[in-house]
Structure formats: C-alpha cells, structure tokens
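J.: Numbering-wise, the sequence shown is residues 1 to 624 according to UniProt numbering.
There's a structure below that I have some questions on.
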Amino acid sequence: MELNGPSRKRIKLESTQDSCNFSTFFGSLQPYIGSFRINVEQFLSQHAVAVTGGSNSRGLKMWCKRFFFQKSGRGMSDRPVVMLEILEEDVQFVPENRIHCRNCAVVGWGRHPVSAKRYHFLIQNNQDQSNRQSVLTYVEKPECWEDSDHLLHGVVHSNGFGHLVRINGIQGGSRFLTGSDLMGFWDCLCKVLGVRKVSVMDVSKKHEMEYRLLHAIIYGHPWYSKWDYIFGKGSFGLTFNIYKNALRKLSTEPLSLLFSNVRSPQSNLQNTIASYQFLSDKNLDTVRDLFRFISDILGRQRQEGKTKSFAQKHGSVKCLWSDDELRNSFDRMLQVLHAVSEEKWVSWKILKGATSRSIGSPKLVDYCLKHLAGKRKDGKTVVARPNEESHFIEYRLEAVQKDSHSAPEAQKYQPSREQILSDLLYLYKELLNPQTMHAYKPESRLQAARHAAIRLLDSKHLIKHYDQAHDIILTDSYVRRTCYIQVDDADEDPVCPPEILTLPISATGEDIKNEASKAFKETYLFYGKFEAEDLVELEETNSGSRKDVLIRGRCKEKIAKYKMERGIEKWTVNCACGEIDDDGEMMIICDVCHVWRHIRCSQIDEMFVPKKYVCSLCLSATRK
C-alpha cells in the first residue's frame, strides 16, 4: 500500500534534511499553543521527513527527524547521528488485540475512551543508517513494540496522555547517549508538543539492584523526579503517605544498632560499614548516610576520571589543628609503623589504639589516619590498602623509589571502582533488598524494615503532569477554554478528560460548540458520531486565564470496543490490600465469587499458580 507518495525502501535523509543538535533542538523551540493532536501534525509538517513504503498495513504513517549529538569537549567531526522515528498509528485499523492500552489501564486512565491515534517516538539502538531497519518493515511484528533494545520509546495518545515505555542509556546498550541525555530530550519534546500527562513504569536496574529502591534511599525520591515525575499509582493499594512513611523508616535506620553486640567478633557487614565510616570525614549515622556517601564516591570517580587520594577528593572537614600538632601526630604513627617489620601490614584499628593515648584527641587521630597515606620517614613512604577479609584499611612503610619526589599515585589509597560496586551490592542485599536482608535485629525490627522495602518497591508508576505547567504564553488575540462533554443518551459512559481549546478571542458560543464537537470527534473513536446541541458556561478558573464550558449532545452511533482503554471486559477486584482495580500486578480469580485478588496477597507463589482457586472468604462460607 502506498503512503504519502511513491514506494521506496529507505530514504536518504542527509540530502533532504539538515541535522539538528540533539541536546538543544526541542529546548530552543517555542511550545505550540494548540492541543497535542494539532501540535504534532504541525511539528511533523515543519520539521520531519515523511517515510513511505515498506509496509502492507493500513493506517500507518512514519516520519524521521535527523539529529547529531555532540559531547562537550569534542570536535565538530565527532558528531554521531541520532535518528528519531515517529510512527502514527490509526487505531481503527489495528488488530483487535492492540486496540486497548494496557499502560492506561494500570496507571488509572483505563476509563478514558480509546483515542483515535497513537504516536510512537522511537530511537533505535542501531543508529547506523545503512544497517538500521525501517520501523515500517516490521511494524506488524509484536516484538517491535516490546523491543527492549530501543534507546527511547514513548507513545502519546491523540488526547495528549502518554507513556514512556522504554529508556536505555549507557548501561542499557547505548554507545554515547546517557539516560539523562534521553530523558532531557523526551521531556523537551513533550513540552513543545503540548503533551498533557506522561506515565512511566520505574523498573530499571543497575548493577543487579532495583534502582527505584536504591535511588529513593539515597536521594529521597525516584530518579525520574529530576524531570518532575511524581508518585502516580501504587501497586497493592499503596498510597503516597504509605510510601513516604516507608521511605523514612528504612532510610533513617541507625547504623549503630548493627554494632550493638560489642563482645562478638565483628561480622563482614560490620567491617564493611566501618571501613566507609572510617573513610568519611562526616559521621555516617543512618542507612541513607552510608549509601549516599558510597554514591558520592562513585559519582566523583566518574567525573574526575583519574585517581587522586581519597582525602583530596572527599576531605570536606576544615583542619582544626596547628601544623605542629599535625606533625607530631603523624610522627607518632610513623614511629609505630617503623617499628613493625616491613612485610607486615598494620590495620587502622591497631594503629589507632597504639597512638590514641599519646596523641590525645580522638578526632585528631581519625584525621591523621585518613591522611596518613603518602607520608614519608627515613626514605620510606606510607602505603595504604583495604584488607580483603576485614575491609579495614591497613598501612605499612615501603621504600621510596629513586628519583621519586612524591608518593606514586598507586600508593595514595582510594577504593577501586570495582571494590566500591562490590561493596554497594553487598550492602544493598544486606540492608535494602527485602528478599535477602537479615542484618536487622530483633525479628520485629527486621520485619518492619522488610515491609518498608517491599512498599518502596511497590511504587512503580510515576506521572508527570505537563498540563499543570503555565509556560505557554498566549497573545491577546487568543483565549483558552476547557471543554467537558456530556452525552445525554449515555449509559455508563467512559470518563472522558476535558479538551483544551485555543480559540480567537472573538470566538462566539457557536464557534466554541463547533470546535469542541470537532475536537472530541477527532480525538476519540467512541465519539466519532457525536453532535453537540448545547453549550453551558461554567465558572472561571482560579487564575482567570480560561473558562470551563460543558458541551451537551448526542452520539448517533457508539462502537463498544472503543468505549474504554481498559477494554470491554468487566471484572471485579477486591483484594485484602485495598486494591479495587487492575494495577498491573499478578492476580488470580476465585472460581466461586469471580473476584480478582493479588496472588501475593493470597500467599500464592507466582511460580506455582493453581489452575483452580477458591478464595478464603468463599472457603469460610462453605464451611459454615
């Protein structure tokens, strides 16, 4: 089938389109003032190139926009190409199993009518134009939409509600685009096109760790919050207040309680925690303090790219002692090391115990221990390393090589990136992962920490509300109207979001009615035959910038399958956790009462879900 012109397998965008800067293009555009369905058409006609051919499917159109990506500090010749592909999907032509939107259903938008069109924004992982396959050539294959290798996949319905389906930075296979690069690009794209709301399912992992849990503990919010994504809809009846309380509970757990049994030999966990407490110039008192400090080390290593002494990098405490006090304290430590055999390493705990009485101030002792690596005495220099078993820092004197005027970089101790990541994963398993944590004592405290971690993991669905921003500036010639729809002959109609109209200030009531009717008919397949009859002026909004209006009318024909994004099936959810709707988690239906419940709340192993199931309520009723 031909789409927009003669068929061809591939187009050469280099000859038809100028490249734009990936990082700045959308940020430099003025946001369009209309609704998304109008804005996206204007954008495609002005800035993208239509692609034709390669598909036999009806209702599919594709455009491409070519960008270059230039990292700061690189020359003009080092500018890899990034291709954004926009696919318009006409829902009335898609297969039956693709009409409804699963993402809308689980995030709370399932009662919206089915949108007439969906726009997919794709950045494939393979950016080589000669090898990259056109989306149109395999769009009918289900794996296209679920391809986990896409660097970016966002979909926006014609009503302006969308979903960020996929984001893959460096760890996800990207050669040069980071997750932050892609998120910044997507965020600016949504602002320019007038997207209303976007959901994202936060299920990313880093180094075998659930990142939504780790990031929340470290920073107090999800990674996506950098772009103003907030708590959307929790799983298993989770509310925002429950989430906040769980976060506060787990992140403020005192580390001191893990060292309560001072008589027992220190465990590997205690040694690991103590080693980072030793390295830090600030007190690490809580679980958040510990993970934040480790995260800071990793971040600074990435930024600086070369090894420096740990004290040079992380020393943030102003020196409180005179040069003489420091010199005398270092000399006492060097004397202890000098008295020990050259082959023997001395742990910081032993060295601290041997010098504490002569030095006096415990804080001065700690300061000198952290800055001891690289100090010299009698042609020898102090070398520091972590003990492989205890994780404690240990020291010894080694001969200085000839012609060496400063301590070699290798002798200035700093944990390697590999060691830090290994420690981070170990601490995550011991202190954060509800499946593996066991450090907290007594049992009641362990169960409370485990429950808090589970609740944090239950927060997956985040939403950004672009329609709450006020950065679109209208001239005095235009006015905005929020239009609601009421169908008089409705029988349990869907929950239809209002349409935002941008109209000339001279628009009459009849103009508003006609434009609103057109908007609903073009946006939703369910209202394709809607005819507006009355317009009711509602009260002005608080800002006075626009008035709400209600459009009443009738719909001559309604096609049931387009009624709601959640689908046409009816079900009842009534779970012990309080959930009363589909939240995307695994559920099982009772064969007696036909009510859906979570398998987790029903204490069923997801690996062994029974073919027949009777809930506890029905079992109790049959026994009476």
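For each residue, glycine too, the CB sits at the ideal point set by N, CA and C.
Values in this document were obtained by computation on a predicted structure and should not be read as measured data.
Using beta-carbon positions only, say whether ARG597 and CYS618 come within less than 8 Å of one another.
T.: Along the sequence shown, one-based indexing puts residue 597 at 597. Along the sequence shown, one-based indexing puts residue 618 at 618. No, the Cβ-Cβ distance between ARG597 and CYS618 is not below 8 Å.
J.: According to DSSP, what are the bridge partners of GLY154?
T.: Working through the sequence shown from its first residue, we reach residue 154 at position 154. Paired residues: PHE121, LEU164.
J.: Would you tell me roughly how many angstroms separate the C-alpha atoms of SER444 and ASP423, rounded to the nearest one?
T.: Position 444 of the sequence shown, counting from 1, holds the residue named residue 444. Position 423 of the sequence shown, counting from 1, holds the residue named residue 423. Taking the straight line from one Cα to the other gives about 26 Å.
J.: Three or more C-beta pairs under 8 Å: does that hold for the segment 375-390 against the segment 328-343?
T.: Touching, per the Cβ criterion.
J.: In whole angstroms, what is the alpha-carbon distance linking THR307 and ILE273?
T.: Here residue 307 is taken as the residue at index 307 of the sequence shown, counted from 1. Here residue 273 is taken as the residue at index 273 of the sequence shown, counted from 1. Per-residue confidence for THR307 stands at a pLDDT of 42, beneath the threshold of 50, marking its modelled position as unreliable; no derived number is given.
J.: According to DSSP, simplified to helix, strand and coil, what is ASN21?
T.: For the purposes of this step, residue 21 is taken as residue 21 along the sequence shown, with counting starting at 1. Three-state result, ASN21: strand.
J.: Hey, GLU146 and LYS117: beta-carbon distance below 8 Å or not?
T.: Position 146 of the sequence shown, counting from 1, holds the residue named residue 146. Position 117 of the sequence shown, counting from 1, holds the residue named residue 117. Not in contact: GLU146 and LYS117 (Cβ atoms no closer than 8 Å).
J.: If distances are taken between C-alpha atoms only, which option among VAL595, MET587, THR622 comes closest to PHE608?
T.: Working through the sequence shown from its first residue, we reach residue 608 at position 608. The candidate whose alpha carbon is nearest that of PHE608 is MET587.
J.: Exposed or buried, which one is ASN268 when buried takes at least 16 other CB atoms within 10 Å?
T.: For the purposes of this step, residue 268 is identified with residue 268 of the sequence shown, where counting begins at 1. Burial call: exposed.
J.: Out of ASP581, ASP366, MET564, point me to the one whose CA is closest to THR572's CA.
T.: Taking the sequence shown and counting its residues from 1, the one referred to as residue 572 is at position 572. That would be ASP581, whose Cα lies nearest to the Cα of THR572.
J.: Do ALA216 and ALA452 come within 8 Å of each other at the CB atom, strictly closer than that value?
T.: Taking the sequence shown and counting its residues from 1, one reaches residue 452 at position 452. Taking the sequence shown and counting its residues from 1, one reaches residue 216 at position 216. Taking 8 Å as the Cβ cut-off, ALA452 and ALA216 do not qualify as a contacting pair.
J.: In this structure, does DSSP put ALA116 in helix, strand or coil?
T.: Translated into positions along the sequence shown, residue 116 becomes position 116. Coil.
J.: For ILE71, does the three-state DSSP call read helix, strand or coil?
T.: Position 71 of the sequence shown, counting from 1, holds the residue named residue 71. With the sequence shown as reference, residue 71 is identified as Lys, and Ile is not the correct amino acid for it. Coil, per DSSP.
J.: Please classify THR252 as buried or exposed, where buried requires at least 16 other C-beta atoms within 10 Å of its C-beta.
T.: Numbered from 1 along the sequence shown, position 252 holds the residue referred to as residue 252. With fewer than 16 Cβ atoms within 10 Å of its Cβ, THR252 is classed as exposed.
J.: Please name the residue or residues paired with THR508 in a DSSP beta bridge.
T.: As a first step, residue 508 is located in the sequence shown; it is residue number 508 there, counting from the start. According to DSSP, which records beta bridges pairwise, THR508 is partnered with nothing at all.
J.: Using three-state DSSP, classify GLN447 as helix, strand or coil.
T.: As a position in the sequence shown, residue 447 is number 447, starting the count at 1. Correct three-state label for GLN447: helix.
J.: Taking 8 Å as the cut-off, decide whether the C-beta atoms of GLY160 and PHE36 are in contact.
T.: In the sequence shown, the residue the question calls residue 160 occupies position 160. In the sequence shown, the residue the question calls residue 36 occupies position 36. Contact: yes.
J.: What is the C-beta distance between LEU84 and ILE123, in whole angstroms, given that I count them as a contact (C-beta under 8 Å)?
T.: On the sequence shown, position 84 is the one that residue 84 refers to. On the sequence shown, position 123 is the one that residue 123 refers to. Sure, about 6 Å apart at Cβ, within 8 Å.
J.: Between which two residues does the alpha helix (DSSP H) holding ILE217 run?
T.: Reading the sequence shown from its first residue, position 217 is the one you call residue 217. Start and end: 211-219.
J.: Between VAL198 and PHE26, which are expected to be in contact by the criterion C-beta below 8 Å, what is the C-beta distance as a whole number of angstroms?
T.: On the sequence shown, position 198 is the one that residue 198 refers to. On the sequence shown, position 26 is the one that residue 26 refers to. The Cβ separation is near 14 Å, so there is no contact.
J.: Could you pull out every residue in the same chain whose Cβ sits closer than 6 Å to the Cβ of GLN70, ignoring the five residues on either side in sequence?
T.: Position 70 of the sequence shown holds residue 70. Excluding residues within five positions, the ones whose Cβ falls inside 6 Å are ARG79.
J.: Note down the Cα distance separating HIS221 from LEU550, rounded to an integer number of angstroms.
T.: Numbered from its first residue, the sequence shown carries residue 221 at position 221. Numbered from its first residue, the sequence shown carries residue 550 at position 550. If you take the alpha carbons of HIS221 and LEU550, they lie about 38 Å apart.
J.: Just how far apart, CA to CA, sit MET209 and LEU425?
T.: The residue labelled residue 209 in the question sits at position 209 within the sequence shown. The residue labelled residue 425 in the question sits at position 425 within the sequence shown. If you take the alpha carbons of MET209 and LEU425, they lie about 7 Å apart.
J.: In whole angstroms, what is the alpha-carbon distance linking ALA621 and GLU430?
T.: Your numbering for residue 621 matches position 621 in the sequence shown. Your numbering for residue 430 matches position 430 in the sequence shown. Straight-line Cα distance between these residues: approximately 43 Å.
J.: Pick helix, strand or coil for GLY315, following the three-state DSSP scheme.
T.: What you label residue 315 is simply residue 315 of the sequence shown in a count that begins at 1. In this prediction, GLY315 scores a pLDDT of 44, lower than 50, which makes its location untrustworthy; the coordinate-derived value is nonetheless stated afterwards. Reduced to three states, the DSSP call for GLY315 is coil.
J.: Look at LEU364 and LEU213 and say whether their C-beta atoms are less than 8 Å apart.
T.: Sequence index remark: in the sequence shown, residue 364 carries index 364 (1-based). Sequence index remark: in the sequence shown, residue 213 carries index 213 (1-based). It is not a contact, given that the beta carbons lie outside the stated cut-off.
J.: Cβ of ILE359 within 8 Å of Cβ of SER329?
T.: Counted from its first residue, the sequence shown places residue 359 at position 359. Counted from its first residue, the sequence shown places residue 329 at position 329. Taking 8 Å as the Cβ cut-off, ILE359 and SER329 qualify as a contacting pair.
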